[in-house]
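Protein sequences, first through last, are from chains A and B.
Per my numbering, residue -7 is the first one in the first sequence, and the count goes up by one each step.
Per my numbering, residue 983 is the first one in the second sequence, and the count goes up by one each step.
Yeah, the Cβ is synthetic: ideal placement off N, Cα and C, and Gly gets one too.
None of these values were measured; they are calculated from a predicted model.
Here's the structure, in structure tokens; my notes come after.
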Amino acid sequence: MLTAILLLCILAAGNLGAGDVSLFRLFFRPGTLSGVERTILLEVRLPRVLLAAVLGGSLTVAGVVFQALLRNPLADPYVLGVSGGASIGGVLAMLAGFGAGSGLAGELGVTGFAFLGALGALVLIERIATIGGRFTVHTILLTGVIFNAFCAALIYFIQSVASLEQLHAIVFYLMGKVPDEYGYTTVAGLAAGSLLVTVALLAMARNYNALSLGEEGARQVGVEVERTKRRTFVLGSLLTGMAVSVAGLIGFVGLVVPHLLRLVLGSDHRLLLPAGFLGGAAFLVAADLLARMLVYPNEIPVGVVTALVGGPFFLLLLRRKGADYGFG
Amino acid sequence: MEGSAKHPILLLTVIALAIGCQGGEGREERIAAGVAEEGPRRVAVLAPAVVEMMQALDLLDRVVAIGDFVEWPPEVTSLPRIGAYNMPNLELVLSLRVDMLVTAASEAGREAHKRLNDLGVDVLALETETYQEVLESLQTLGKAFGREEGARKVVSGIREKIEAVRSRSAAARRRRVLFVVGQRPLYAAGPGSHIDEVIKAAGGENVFADAMSPYQLVSMEAAIERLPEVIIDASDNRPGALRGRKPGFWGQWRFLPAVRENRVYWIDPMRLTIPGPRLPEMAELVAKLIHPEIFGSVSVKELGPLTEDVP
């Protein structure tokens, strides 16, 4: 059913945009589309819509598994510090001159560096939090939070010494936007990557269910808790790192959509993970559609939409079903 | 000795009063200097636009400190820097014995401005976003420094040149212009910016005349769908950035009239993004980009960084 919703969202997003350019016309009246319209639809809009789907799915899956790992309903994909690393990587790349401007090389530079930053953070945090070969939920959470705070402070410092134009680029990178610049190959690559990681996480779905009994409880039913924790941290961080490198910090998706789905589907992770990908995808596609169309031809950063729309909507749903909502 | 305890206190009090008084005397001197015929002698200027206005009024020698983002003219770039638009470094301002701080008007700066006033530094906040505001600011500056006549001349000079451009381009068909101020994400110049006015004067029609702010995040789809005939891309300020009459990033959409007719220009942002006395030069430059058949074509040098030989 969620697949249907996702498809619906994609179709809607594909239909709405500049002028009269729409998917509808592409399928049913192809002859009427001019070359320009075709290009807009197929080269600018569709890749962006699909990218939004991949990003939404990745962030939501990361949110689901981090919430399971940390046994905390407030966990989002960014809490474990990888987003700080990605932001630093991206901002430093921008300062070094890989930032705004022409050329594919320039763009790969920022995104690539951001991802390297994410990987660096991943390794660093894992090293720091691992004591005696294992990490507890508390150490990894604290390490991540402090690392994020450190990165944020570093970014504030960078902002205070940056030139006006650099500042502009940095602020808007951090605000979160689904980029227009990527073609089908990149989007397909990102999709493949995130789906692979999601499948790997799905393999641990039963472990997540067991973890709701606590680590001791999970061990008693045969779950290899340490391995699960480690894998979850690494894989979830990869998803988050990829998303932040490409789109900056898009908030709310990874926090709210998992809860939305739990309210509707319950807490079985075998269902929650795939639903998370599809639901998150649909959510971000819809949010990006609003970001693109609400004040057309102007745009709003998608992070603003996710927060302003997602927040109240979630609270409404929580009030309706909240009495029965137990996390975990 | 009796009352020996009182002596240190008395001493401290006297010292404190002495320091306090010294500050007071300095203040009076400064205020007295401020109301002299020629206006303040030691001026700190935060906004790049205002520095250029000071230059136009031949007041550059009064400038003793500049804002962080000032990069033109070369004569001032080695002066001490005192901060950005809304946060001048109060200590530096005072230690440089600044009489007056001139800045672009900004709500966020009000607190700092009040504080400066209390400390004896006059603050002049000028609006500089539009053509009209630039002219008015020049006149206000003229008044503050006793250079009303000079300001009048500068203002009428600017007006004449811009109206000259406007009338020369009046008969030509308006070309659709996309003015890019930022990439990743895409920012365009919208209504209310001096850039928008320059485009109009130069015989162009801003494709984003319906944007909701002077510098607006816009849809890439819209930028393409509106088929701009001229693209002026001032998004890249890095040294060694692409300059000149080349398609660059926009070349991937070969159906754009601007690409087909080779009217995509990559220009140093400093040339066009600072509203001030260079407005006429901006209008003439943009006119060359939009209507080379009337105004002549532009040289690569004119698109590059500001230098003294090509103002």
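Using DSSP's beta-bridge definition, name the partner residues of residue i.
i: B/W968; result: The requested residue 968 of chain B does not occur in the structure, where chain B is confined to residues 983 to 1293.
i: B/V1189; result: Per DSSP, none; premise fails for B/V1189.
i: B/D1104; result: B/M1082
i: B/Q1198; result: B/A1170
i: B/I1164; result: Note that residue 1164 of chain B corresponds to Gly in the displayed sequence, not to Ile. B/Y1169, per the DSSP bridge assignment.
i: B/V1025; result: B/V1045, B/M1082
i: A/I123; result: A/R126
i: B/V1032; result: Looking at the DSSP assignment, B/V1032 forms no beta bridge with any residue, so it has no partner.
i: A/N290; result: B/V1200
i: B/R1129; result: DSSP, once it has assigned bridges, lists no residue as partnering B/R1129.
i: A/R262; result: Answer is none; A/R262 lacks a bridge partner.
i: B/R1253; result: Bridge partners of B/R1253: none, in fact.
Does any CB atom of chain B fall closer than 8 angstroms to the CB of residue i?
i: A/P289; result: yes
i: A/I162; result: no
i: A/V41; result: no
i: A/G302; result: no
i: A/D172; result: yes
i: A/A97; result: Confidence is the limiting factor: at A/A97 the pLDDT is only 46, short of 50, which leaves the residue's position unreliable, though a coordinate-based value still follows. Not an interface residue.
i: A/V297; result: no
i: A/R219; result: no
i: A/R284; result: yes
Which one of the options has the shortest CA to CA distance from residue i?
i: A/I32; options: B/A1205, B/V1027, B/T1085; result: B/A1205
i: A/V331; options: A/V301, A/V248, A/R284; result: Only positions -7 to 320 of chain A appear in the structure, and residue 331 of chain A is not among them; the question remains open.
i: B/F1161; options: B/E1145, B/S1217, B/E1142, B/P1287; result: B/S1217
i: B/E1284; options: B/I1249, B/E1275, B/P1257; result: B/I1249
i: B/P1022; options: B/G1233, B/A1038, B/D1043; result: B/D1043
i: B/L1261; options: B/E1111, B/I1272, B/P1196, B/I1214; result: B/E1111
i: A/I123; options: A/G112, A/A113, A/T135; result: A/T135
i: A/E118; options: A/A110, A/F107, A/G109, A/I132; result: A/I132
i: B/A1191; options: B/A1026, B/S1175, B/E1211; result: B/S1175
i: A/F127; options: A/K221, A/A106, A/G295, A/E216; result: A/K221
i: B/P1055; options: B/L1041, B/A1066, B/I1064, B/R1156; result: B/L1041
i: A/G82; options: A/Y70, A/G109, A/L62; result: A/G109
i: A/R254; options: A/N201, A/L241, A/R37; result: A/N201
i: B/I1177; options: B/V1084, B/Q1198, B/P1167; result: B/Q1198
i: A/T178; options: A/R63, A/A210, A/S237; result: A/S237
When you compare only the Cα positions, how much space is there between residue i and residue j?
i: A/H251; j: A/S186; result: 21 angstroms
i: B/L1028; j: B/A1086; result: 7 angstroms
i: A/R312; j: A/F305; result: 11 angstroms
i: A/L84; j: A/I150; result: 9 angstroms
i: B/G1226; j: B/V1075; result: 41 angstroms
i: B/K1135; j: B/A1126; result: 16 angstroms
i: A/I138; j: A/F275; result: 30 angstroms
i: B/P1259; j: B/E1145; result: 14 angstroms
i: A/L42; j: A/L263; result: 23 angstroms
i: B/V1180; j: B/K1096; result: 35 angstroms
i: B/V1212; j: B/Y1247; result: 8 angstroms
i: A/E291; j: A/D172; result: 12 angstroms
i: B/G1230; j: A/G48; result: 31 angstroms
i: A/G243; j: A/I120; result: 26 angstroms
i: B/R1245; j: B/I1272; result: 8 angstroms
i: B/P1173; j: A/P65; result: 45 angstroms
i: B/P1287; j: A/L230; result: 42 angstroms
i: B/A1031; j: B/A1047; result: 14 angstroms
i: A/V71; j: A/N140; result: 8 angstroms
Taking Cβ-Cβ distances shorter than 9 angstroms, what residues in chain A pair up with residue i?
i: B/V1033; result: Per Cβ cutoff of 9 angstroms: no residues; B/V1033 is ~14 angstroms from chain A at best.
i: B/V1105; result: Chain A residues near B/V1105: none, gap ~21 angstroms exceeds 9 angstroms.
Is there a Cβ from chain A that is less than 8 angstroms from the Cβ of residue i?
i: B/F1127; result: no
i: B/A1269; result: no
i: B/C1003; result: Residue placement at B/C1003 cannot be trusted, given a pLDDT of 48 that sits under 50; what the coordinates show is reported in the next sentence. No, because no Cβ of chain A sits closer than 8 angstroms to the Cβ of B/C1003.
i: B/D1178; result: no
i: B/A1094; result: no
i: B/P1257; result: no
i: B/P1167; result: yes
Can you pull the chain B neighbours of residue i, defined as C-beta to C-beta under 7 angstroms?
i: A/I32; result: E1203, I1206, E1207
i: A/G27; result: F1237
i: A/V36; result: M1202, E1203, I1206
Taking C-beta pairs closer than 8 angstroms, name the residues in chain A that residue i reaches, listed in chain order.
i: B/V1200; result: P289, N290, E291
i: B/A1087; result: In chain order: nothing, as chain A lies at least about 17 angstroms away.
At 9 angstroms on the CB atoms, spell out the chain B contacts of residue i, in chain order.
i: A/V238; result: What A/V238 touches in chain B: nothing, since even the nearest Cβ is about 11 angstroms away.
i: A/V53; result: Per Cβ cutoff of 9 angstroms: no residues; A/V53 is ~26 angstroms from chain B at best.
Listing by chain order, which chain A residues have their CB less than 7 angstroms from the CB of residue i?
i: B/D1192; result: P289
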